[in-house]
Amino acid sequence: MEIKDMRAFYAIVEEGNISHAAQRLDIAQPALSRQMKRLETSLGVQLFERGSRRIRLTDAGRVLYSRVEHILGMVDGTVREITEIGSGIAGSIQLGTITTSGALLLPELISEFHRCYPQVTYQIWEAEGARILELLDNRVIEIAITRTQVDSKVYESIVLPNEPLVVVMNKDQVIGASDSEVRMEELRDTPIIIPLRWQSLFIANCRKLGFDPHILCVSDSIVQDLLLVKRGMGAAILPVSSRTLLTDGNLHYKKLVSPEMSTHTVIAWLKNRTLSSSSEHFIKLFREMFLGERAQHGDEETV
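Numbering (our numbering), first residue to last: -6 to 296.
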């Protein structure tokens, strides 16, 4: 079996059908189908279940997929390491991030990394958490920054300390008796704008206090949520780091209490994938800057 066969097989499985895989590989669909037929013939097994609109693997196909994923990761990592020898840290870092965490962490981190390694370039994808993990799983990116829980069997990760949720309100519609806090029961009659990931917990907490909240809008676009608040549409429940996204005198922030709600940021990468040297150094610098760890101890705190 040749590497090109492995890459073709892997693309088909990841894309879920032949046509999308052919587009990804930039080859004609009939040629890709013939290539897979030849591969099955040479191996003497059937890799795909026929007759389904979406690709389904046989038992043999599942075994091959697990091996190919590991082999391609080693091959790609080895190529990167060889090309980087003697040239210093270079290449490109591919990473994906959700809006709030990216705005809070990346400008300072990339600025410092660029000072240390000016030859490195960056490709950054921004999306909601599930999409960022999908990009990571499909090896489009090497590093994911998300608030989504990750499977420790699949990913290496760093979890930052908890970050409180706040109530963001228009300065002309200030809620709560305290200057710095809003009790959840004080939101009883307030239209609420909230990201999907916190909706269920917020509603459950409100019901424990004896009321159903008025959920005006469920939106994972943090900037959009802030703009709705600015327009006087209601109050938004967001991480405190959302302050960095829209500097506006019309917005007022108070910590949500009684009960408090919090979130955390996760930096994740695939366990079975060899990171590029630039990405490894990027993660080490992240540990130093945000966890206070020395670089030489960078591999001791993964969870």
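By construction, the Cβ of each residue, glycine as well, lies at the ideal position given by its N, Cα and C atoms.
Open item on the list: What does the alpha-carbon distance come out to for the pair T93 and A229?
Closed with: Roughly 14 Å between the two C-alpha positions.
Open item on the list: Considering only the alpha carbon of each residue, which of L99, I185, A137 lies closest to T237?
Closed with: Scanning L99, I185, A137 for the CA closest to the CA of T237 turns up L99.
Task: Exposure label - A288; buried when at least 16 CB within 10 Å - done: Because the pLDDT of A288 is 43, which lies under 50, any placement of that residue in the model is unreliable, and the question is left without a value.
Open item on the list: To the nearest angstrom, how far is the alpha carbon of K223 from that of I(-4)?
Closed with: Approximately 54 Å between the Cα atoms of the pair.
Task: Cβ separation of L40 and R0, assumed to be a contact under 8 Å, to the nearest whole Å - done: Cβ-Cβ separation between L40 and R0: approximately 14 Å, too far for a contact (criterion under 8 Å).
- [ ] Please list, in chain order, all residues of the same chain as S235 whose beta carbon is under 7 Å from its beta carbon, the five residues on each side excluded.
- [x] Only residues of its own chain outside the window of five on either side were considered, and among them T93, V161, I215, L219 have a CB closer than 7 Å to the CB of S235, listed in chain order.
Task: Nearest candidate by alpha-carbon position, reference D205, set S212, F195, V211 - done: It is F195 whose Cα lies nearest to the Cα of D205.
Task: H207 versus M177, P232, H13, residue with shortest Cα-Cα distance - done: Comparing Cα positions, the closest option is M177.
Open item on the list: Check for me: the beta strand (DSSP E) holding A170 runs from which residue to which?
Closed with: Note, A170: premise wrong, no beta strand (DSSP E); not H, not E.
- [ ] Tell me whether Y110 sits in a helix, a strand or coil according to DSSP, three-state version.
- [x] The answer is coil: DSSP assigns Y110 none of H, G, I, E or B.
TODO: With DSSP collapsed to three states, give me the class of V6.
DONE: V6 falls in the helix class under three-state DSSP.
Open item on the list: Rounding to the nearest angstrom, what Cα-Cα distance links R132 and L209 in this structure?
Closed with: A direct Cα-to-Cα measurement between R132 and L209 gives close to 37 Å.
Open item on the list: So if DSSP puts E207 in a beta bridge, which residue, or which two residues, is it bridged to?
Closed with: The question names Glu, but residue 207 is His in the sequence shown. Checking the DSSP bridge columns, you'll see H207 partnered with P184.
TODO: Look up T92 in the DSSP assignment and say whether it is helix, strand or coil.
DONE: Helix, per DSSP.
Task: S272, enclosing alpha helix (DSSP H) - first and last residue - done: Annotation: the continuous alpha helix (DSSP H) that includes S272 extends over 270 to 279.
TODO: Assess, as a yes-or-no matter, whether the segment 127 to 141 is touched by the segment 271 to 286 under the definition of 3 or more beta carbon pairs within less than 8 Å.
DONE: The count of Cβ pairs closer than 8 Å, one atom from the segment 271 to 286 and one from the segment 127 to 141, reaches three, so the stretches are in contact.
- [ ] Using the Cα positions of V296 and T258, report the straight-line distance between them to the nearest angstrom.
- [x] Caution is warranted here: a pLDDT of 33 is assigned to V296, below 50, making its placement in the model unreliable, and no coordinate value can be reported.
Open item on the list: Whole angstroms are fine: how far does the CA of E62 sit from the CA of T310?
Closed with: The requested residue 310 is not part of the displayed model; the chain covers only -6 to 296.
Open item on the list: Going by the DSSP bridge assignment, what does M254 pair with across the sheet?
Closed with: Partner(s): none; M254 has no beta bridge.
Open item on the list: So, for N155: in the same chain, excluding its five sequence neighbours on each side, which residues have a beta-carbon less than 8 Å away from its beta-carbon?
Closed with: Taken in chain order, the residues that qualify are S255, T256, H257.
Task: Coil, strand or helix - A123 by DSSP - done: The answer is helix: DSSP assigns A123 an H, G or I state.
Task: DSSP-derived helix/strand/coil call for N163 - done: N163: strand per DSSP, three-state reduction.
Open item on the list: Just to confirm the assignment, what range does the beta strand (DSSP E) spanning L263 have?
Closed with: First-last of the beta strand (DSSP E) with L263: 259 to 263.
Task: CB contact flag (S193, A261, <9 Å) - done: In this structure, A261 does not lie closer than 9 Å to S193 by Cβ.
Open item on the list: Restricting to Cα atoms, I'd like to know which of M(-6), G95, V152 is closest to G37.
Closed with: Checking every option, the nearest Cα to that of G37 belongs to M(-6).
Open item on the list: Between the alpha carbons of K30 and I5, how many angstroms are there, rounded?
Closed with: The alpha-carbon atoms of K30 and I5 are separated by roughly 13 Å.
- [ ] Keeping to the same chain, check which residues put their C-beta closer than 6 Å to that of G84; ignore five residues upstream and five downstream.
- [x] Beyond the five residues adjoining it in sequence on each side, G84 comes within less than 6 Å, by CB distance, of S269, S271 in the same chain, given in chain order.
Open item on the list: With a threshold of 9 Å between beta carbons, is A120 in contact with chain D?
Closed with: As a matter of chain content, chain D is missing from the structure shown, which is built from one protein chain.
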